[in-house]
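Sequence positions in the sequence shown follow the working numbering and run 106 to 173.
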Amino acid sequence: MSAQKLHIDWGKCAGRGHCIELLEEKLRADEWGYPYSPEGSNIAISEELADSAREAVAMCPMQALKLV
């Protein structure tokens, strides 16, 4: 199975930080608390992080995350 990608919709994100806590390996907080990744808005998610990524998608109050 190929790696999934986590897409962040910047127009929906409110910077709550749940995804940052769950995906510390991939996401960081900017100075305002919004998530960012050096990979851009489509972040490769390995098998090891797949459960955490699914949880982040489910917990996002603004529905700004999507696995593709």
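Just so you know, even glycine gets a beta-carbon here, dropped at the ideal spot from N, CA and C.
- Proline 140 counts as buried, since at least 16 other C-beta atoms from the protein chains shown sit within 10 angstroms of its C-beta.
- Of the residues assessed, alanine 163 falls on the exposed side of the cut-off, its CB having fewer than 16 other CB atoms within 10 angstroms.
- Here serine 146 has His112, Ile113, Trp115 as same chain residues with Cβ atoms under 7 Å from its own Cβ, once five neighbours each way along the sequence are excluded.
- Alanine 161 sits buried, since 16 or more C-beta atoms from the chains shown fall within 10 Å of its C-beta.
- When only Cα atoms are considered, serine 142 and proline 166 end up about 20 Å apart.
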